[in-house]
Structures are given as structure tokens and as C-alpha cells.
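Structure first, commentary second.
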Amino acid sequence: MKLKREKLKKIILKIKYIYIMDSLINEKKRLENHIALRKTEVKHLENVVNEIQQKIYTLCEHEFVNEVESGIYPETYYVCRKCGYEK
Numbered sequence: 000m001k002l003k004r005e006k007l008k009k010i011i012l013k014i015k016y017i018y019i020m021d022s023l024i025n026e027k028k029r030l031e032n033h034i035a036l037r038k039t040e041v042k043h044l045e046n047v048v049n050e051i052q053q054k055i056y057t058l059c060e061h062e063f064v065n066e067v068e069s070g071i072y073p074e075t076y077y078v079c080r081k082c083g084y085e086k
């Protein structure tokens, strides 16, 4: 009788373990899907921002100023004072 009880306890513990592991695996998959969805949304919003920035560059009446980087080998480039476009 005692042996059966111990076997039942072990079986119950295994079932609980399997249930917990299954729950954790499902939660992990749910979170991975959630992350993938958010990454897709971020990528979409980055594209929207880039499109808007391109429209700004296109519609701006540029006023370029000469910019010089500081450093050992400074580079010179022109930046629009209004929109930040570099050429």
C-alpha cells in the first residue's frame, strides 16, 4: 500500500512537472510571437519616418552651410540649416 502511494506521488509530481514545462514553453512561444510582432511594427514605423524625412528633404528650400568635423582627418560637408540634409 505504501509503495503504491509513493508511486502515485511520483506520477503526480511528473504530471505537475510536465504541465509546468508545457505552460512555460507555451508562454515562451507567446512572448517570442509578441516580440516578432513588435519588431515588425518598429520596422514599419521606421519606414514611415524615413518616408516623411525624404518628403521633408524634397520640399525644403535648402540653405546649406559648410560643416567641418573635428579630428585627425576632418571631413568637410554641407548641411541644410533648415532640415539637416547633408550633401
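When the letters of the sequence shown are read in order and numbered with numbering that gives the first Met the number 0, they come out as residues 0 to 86. Think of the CB as a built atom: it goes at the ideal place given N, C-alpha and C, for glycine as much as any other residue. Note that this is a predicted model, so its numbers are computed, not measured.
Exercise. So the beta strand (DSSP E) Tyr76 belongs to, where does it begin and stop?
Worked result: Thr75 to Cys79
Exercise. Going along the chain, which residues of its own chain have a beta-carbon closer than 8 Å to the beta-carbon of Arg29, five neighbours each way excluded?
Worked result: none
Exercise. Is the region 42-49 touching the region 12-32 in the sense that three or more CB pairs, one from each, lie closer than 8 Å?
Worked result: No contact exists between the region 12-32 and the region 42-49.
Exercise. Roughly how many whole angstroms lie between the Cα atoms of Cys79 and Ser69?
Worked result: So the two alpha carbons sit approximately 19 Å from each other.
Problem set entry | Beta-carbon proximity of Glu50 to Lys81, cut-off 8 Å | no
Exercise. How is the alpha helix (DSSP H) around Glu40 delimited, first residue to last?
Worked result: Lys1 to Leu58
Problem set entry | Delimiting residues of the beta strand (DSSP E) encompassing Glu85 | Premise fails: Glu85 is in no beta strand (DSSP E) and is neither H nor E.
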